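Participant:
Number of protein chains: 2
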Amino acid sequence: MSDLPLPTHTDILAAYERIRGQVVETPILTNSVLNERAGADLFLKAECLQETGSFKLRGAMNRLLQIPEENRAAGVVAFSSGNHAQGIARAAKYLSMPALIVMPADAPQVKVDGVLADGAEIYSYDRNTEGREEIAATIAGERGAVLVPSFDDAMIIAGQGTSGVEFARQVDGLDHLMCCAGGGGLISGIALAFEGLSPETQIWTAEPEHHNDWARSLATGHIQRNAPGTHSICDAILTPQPGDLTWGVGQSRLSGGLAVSDDQIREAMRLAFRHLKLVVEPGGAAALAVALFALPEAMKGQRVGVVLTGGNVDADLFAQILKG
Amino acid sequence: MSDLPLPTHTDILAAYERIRGQVVETPILTNSVLNERAGADLFLKAECLQETGSFKLRGAMNRLLQIPEENRAAGVVAFSSGNHAQGIARAAKYLSMPALIVMPADAPQVKVDGVLADGAEIYSYDRNTEGREEIAATIAGERGAVLVPSFDDAMIIAGQGTSGVEFARQVDGLDHLMCCAGGGGLISGIALAFEGLSPETQIWTAEPEHHNDWARSLATGHIQRNAPGTHSICDAILTPQPGDLTWGVGQSRLSGGLAVSDDQIREAMRLAFRHLKLVVEPGGAAALAVALFALPEAMKGQRVGVVLTGGNVDADLFAQILKG
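Residue numbers (our numbering), protein chains in the order written: chain X, 1 to 324; chain Z, 325 to 648.
(1) Short of 7 Å in beta carbon distance, which residues of its chain neighbour Asp-430 of chain Z, apart from the five on each side in sequence? Order them along the chain.
(2) What separation, rounded to the nearest whole angstrom, lies between the Cα atoms of Leu-245 of chain X and Ala-193 of chain X?
(3) Quick check: the region 296 to 315 of chain X against the region 171 to 182 of chain X, are at least 3 beta-carbon pairs closer than 8 Å?
(4) Give the secondary structure of Val-306 of chain X by DSSP, where H, G and I count as helix, E and B as strand, and everything else as coil.
(5) Could you compute how far the alpha carbon of Gly-159 of chain X sits from the alpha carbon of Ser-356 of chain Z?
(6) Inspect the beta-carbon positions of Ile-463 of chain Z and Val-401 of chain Z and report whether they are closer than 8 Å.
(7) Report the option in X:Val-102, X:Val-110, X:Glu-166, X:Asp-153 whose CA atom is closest to the CA atom of Ala-137 of chain X.
(8) Within the present structure, is the beta-carbon of Ala-46 of chain X separated from the nearest heavy atom of the ligand COA by less than 7 Å?
(9) Do the region 595 to 615 of chain Z and the region 473 to 493 of chain Z touch if we need at least three Cβ pairs shorter than 8 Å?
(10) From the DSSP output, read off the bridge partner residues of Gln-202 of chain X.
(11) Flag Glu-490 of chain Z as yes if its beta-carbon sits less than 8 Å from any beta-carbon of chain X, otherwise no.
(12) Alpha carbon to alpha carbon, how far is Ala-294 of chain X from Ala-117 of chain X? Give it in angstroms, no decimals.
(13) When you compare only the Cα positions, how much space is there between Val-470 of chain Z and Lys-380 of chain Z?
(14) List the endpoints of the continuous alpha helix (DSSP H) containing Lys-300 of chain X.
(15) For the region 57 to 75 of chain X and the region 261 to 277 of chain X, state whether three or more C-beta atom pairs, one from each stretch, are separated by less than 8 Å.
(16) Do Leu-322 of chain X and Leu-34 of chain X have their CB atoms nearer than 8 Å?
(17) Return the first residue and the last residue of the beta strand (DSSP E) that Met-61 of chain X is part of.
(18) Is Cys-372 of chain Z close to chain X? Criterion is C-beta to C-beta, closer than 8 Å.
(19) If the criterion is Cβ atoms closer than 8 Å, does the pair Arg-225 of chain X and Pro-240 of chain X meet it?
(20) For Leu-42 of chain X, which of X:Gly-53, X:Ile-19, X:Ile-28 has the nearest alpha-carbon?
(21) Between the alpha carbons of Val-98 of chain X and Ala-92 of chain X, how many angstroms are there, rounded?
(22) Which of the three DSSP states is assigned to Ala-583 of chain Z in this structure?
(23) If you measure between the beta carbons of Gly-161 of chain X and Ile-67 of chain X, is that distance less than 8 Å?
(24) Please state the DSSP three-state secondary structure of Ala-15 of chain X.
(25) Run through the DSSP bridge pairs and tell me what Met-103 of chain X is partnered with.
(26) By Cβ distance below 6 Å, which residues in the same chain neighbour Ala-206 of chain X in space, the five residues on each side in sequence not counted?
(27) Report yes if the C-beta distance between Gly-53 of chain X and Asn-312 of chain X is below 8 Å; otherwise report no.
(28) How many angstroms separate the CA atom of Gly-324 of chain X from the CA atom of Arg-270 of chain X?
(29) So what does DSSP say about Phe-403 of chain Z, is it helix, strand or coil?
(30) Any C-beta of chain C within less than 8 Å: which residues of the region 350 to 364 of chain Z qualify?
(31) Put Arg-253 of chain X into one of helix, strand or coil per three-state DSSP.
(32) Quick one: list the residues of chain Z neighbouring Arg-327 of chain X, beta-carbon separation under 8 Å, in chain order.
(33) Please state whether the Cβ-Cβ distance between Pro-331 of chain Z and Asp-638 of chain Z is less than 8 Å.
(34) Can you check DSSP and say which residues form a bridge with Lys-45 of chain X?
(35) Among X:Ala-15, X:Ala-38, X:Arg-18, whose alpha-carbon lies nearest the alpha-carbon of Leu-298 of chain X?
(36) Which of the three DSSP states is assigned to Arg-549 of chain Z in this structure?
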C-alpha cells in the first residue's frame with residue numbers, strides 16, 4: 001500500500017472548478033424501454049459524449065493544468081491502451097505541450113488514430129514481453145517530461161471524479177450507481193464526489209465476470225489480482241488489479257462488485273445502439289450490462305445511476321457486434 | 325394552398341408547456357474535431373437522443389394530448405415510413421390509446437420493430453401502387469379514430485417546434501441553423517420558435533442533392549416537387565414536396581436550402597460514429613453533412629446550429645456504412 005496521501009472530496013471539488021469549461025458537462029439520458037428491461041429507473045451518464053470519447057480527458061486536464069508553466073515545454077509521457085492516451089494527447093494539445101504515449105501494439109486502431117490526430121507521438125510496445133511502466137519512465141527521464149499515470153494518481157482520480165460532481169448535481173436521490181472499474185480511477189473519484197454530495201448513494205463496480213478483481217477485492221477486504229492471461233472484450237478495463245490509491249479510496253466507499261459476461265456486454269452495446277443511439281465501447285457498456293442483466297433483486301424499482309464511460313470502438317468490431 | 329390557419333410562435337410555446345416533462349429535453353453537443361472540419365462553431369441538437377430515436381415524439385404528444393378524454397378510446401391512425409409511426413405509437417402507449425400505423429412494406433425494420441414494441445398495429449402497403457393517405461383515412465373513418473398527419477398539421481408543427489424552443493434557450497446567438505426538411509414539420513416549427521426567441525438566426529433546409537424540393541421552392545418562391553422516382557439514402561425525408569402549412573410557415577421564415585450527396589451523408593454518419601459516439605440515421609445526418617461539407621463561405625467562423633433529427637437506422641445498413 002502506498003504511503004501517498006489519498007485524494008479527498010475537497011480535491012474533487014477543486015478539480016471540478018479547475019477544469020469546468022474545458023471539458024464537456026456530459027448529459028444524463030433516460031430511456032423508458034431500458035427502464036422496463038432493467039426493472040428500475042436508470043439514469044445514464046453519457047461519458048462517451050465527452051471530447052475524445054471517454055471520461056479520461058477529465059483527469060488529463062486536471063493533471064496537466066497543475067504542471068507549472070515553466071515545465072510545460074518538456075512535455076508529458078503516458079502509457080495507456082487507448083482512452084487515457086487520447087485524454088492526455090488532447091489535454092496536451094489544448095495546452096500546447098508535447099506528448100508521447102506508450103501504447104500496446106494491439107491497441108484499437110480508433111484509439112491510435114485519436115492520439116495521432118491530436119499531434120502526440122506514439123511509442124508502440126509488445127504487451128506480452130515489455131513493461132510499459134519502465135519504458136515510459138525511461139523516456140520521461142530522458143526528456144525531463146512529466147510522467148502521467150493512468151489511474152493511480154491523486155490528481156487523475158480527482159479529475160475523473162468531476163464526472164461524479166456533475167452526476168450528483170444532475171440527478172437527485174440515486175439509490176445506487178454502477179460504474180466499470182479497471183484501475184479504478186473513475187469509480188474512486190466518483191465515490192469521493194458522492195461522499196460529500198449524495199452520501200446515501202451506494203456505489204458498485206461493474207466488471208467482466210472473469211476479470212473481477214475489484215469485486216473479489218471488495219468481498220475479501222484485500223487487493224486481489226486477476227490470473228495472468230485472463231481476457232475479456234473490454235480492452236479499456238483489463239488492469240491486473242486495483243491501484244494502491246484507488247483501492248485506498250474505494251475499499252471503504254464502494255458497496256461491492258457486480259459482474260457480467262462478454263455476451264451480456266455485447267447485448268448491452270446492441271441495446272445502446274438500438275434504444276439510446278449511442279456508440280458505447282465494450283468496457284464502457286459493462287455498467288449498463290449489469291443494470292440490464294445482473295441487477296440485484298433488492299435494487300429493482302430503485303433509482304440506479306449508470307456510467308457509460310466511453311465509446312472508442314473500432315468500426316469493424318462495432319459492426320461485427322451489431323450483427324450479433 | 326390550404327386555407328387552414330397557420331400555427332404561430334405562441335402555439336409553439338403552448339406546445340412546449342404542454343409536453344415538457346413527457347419528452348426528453350435533448351442535449352446540445354459540441355466537438356472540437358468537427359468544428360475544425362467545418363471551420364465553424366457547431367452546436368448539435370441531438371434529437372436522436374429523444375425517446376423513440378427521433379424528434380417525432382414531440383408532435384405526436386402535442387397532438388394526442390389535445391384529443392378530448394372521451395374520444396381517446398377510439399384511438400389514432402397515422403401513416404408514416406417510420407419515425408412518425410414510432411412517435412405516434414409511443415404517445416398512444418403513454419396515453420393508453422389504441423393506434424394503427426399505415427407503413428410501407430419496405431420501411432426499415434428497426435422502425436417497424438419500434439412500432440410493434442409499443443403495442444400499435446401496422447397496416448402494410450405497397451409504396452408504388454397504393455395511396456397511404458386514402459388507406460389511413462378509410463380506416464380512421466371506420467373506427468371513428470383521429471387521423472394524425474405526419475407534418476401538415478398545426479398541432480404537429482407546434483409540437484416539433486418545441487425542439488426549437490429548447491435549442492434557442494440552450495445556445496445563445498446562433499448565426500445560422502441547419503435542419504433537414506422532408507415534409508417540413510420540424511423546420512417550420514423551429515422557424516416559428518426562433519422567430520420569437522432568436523429572430524436574428526438564419527434557418528436553412530438541408531436536403532439530399534437530388535431531392536431538394538425545399539431548396540428549389542425557396543429559390544423560386546413557389547412549391548416545387550421532386551421528380552417521381554427520385555431516390556436517396558435518406559428514407560426519413562423523401563417527401564414529394566413541402567406541405568401546404570409547412571410551406572406557409574417556411575416560405576417567409578427560411579433563408580434558403582442547402583444540399584449534399586448521399587456519399588457526404590454517409591461520411592457524416594461515420595464522423596458522428598467516430599467523434600460524437602452517436603448513431604444518426606441518413607436523413608438525420610443531412611444537416612451535419614451540410615455543415616461539414618457544404619457550408620457556405622460566409623458562414624465560416626460563425627455559430628452554426630445543426631439538428632441531428634433521428635437515429636433509427638437498421639443495424640445491417642449502419643454496419644455497411646461504417647465499413648465505407
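Here a beta-carbon is modelled for each residue, glycine too, at the ideal position from N, C-alpha and C.
Values in this document were obtained by computation on a predicted structure and should not be read as measured data.
Facilitator: In this structure, then:
(1) Arg-451
(2) Roughly 16 Å separates the two Cα atoms.
(3) yes
(4) strand
(5) If I take the Cα positions, the gap works out to 20 Å.
(6) yes
(7) X:Val-102
(8) The model depicted lacks the ligand COA and carries no ligand whatsoever.
(9) no
(10) Looking at the DSSP assignment, Gln-202 of chain X forms a beta bridge with X:His-176.
(11) no
(12) So the alpha carbons of these two residues sit roughly 38 Å apart.
(13) 17 Å
(14) That residue, Lys-300 of chain X, is in no alpha helix (DSSP H); it is neither H nor E in DSSP.
(15) no
(16) Not in contact: Leu-322 of chain X and Leu-34 of chain X (Cβ atoms no closer than 8 Å).
(17) Unbroken run through Met-61 of chain X is the alpha helix (DSSP H), 56 to 64; no beta strand (DSSP E).
(18) yes
(19) yes
(20) X:Ile-28
(21) Residue identity check: residue 98 of chain X is Pro in the sequence provided, not Val. C-alpha separation (whole angstroms): 6 Å.
(22) strand
(23) no
(24) helix
(25) Per DSSP, the beta bridge partners of Met-103 of chain X are X:Ser-124.
(26) Met-178, Cys-180, Leu-258, Ala-286, Ala-287, Val-290
(27) yes
(28) The straight-line gap from Cα to Cα measures roughly 8 Å.
(29) strand
(30) No chain C appears in the structure shown, which is made up of the protein chains X and Z.
(31) coil
(32) With chain X covering only 1 through 324, there is no way to say anything about residue 327 of chain X.
(33) Not in contact: Pro-331 of chain Z and Asp-638 of chain Z (Cβ atoms no closer than 8 Å).
(34) X:Ile-28, X:Val-307
(35) Looking at the sequence shown, residue 298 of chain X is not Leu but Ala. The candidate whose alpha carbon is nearest that of Ala-298 of chain X is X:Ala-38.
(36) DSSP places Arg-549 of chain Z in coil when its eight states are reduced to three.
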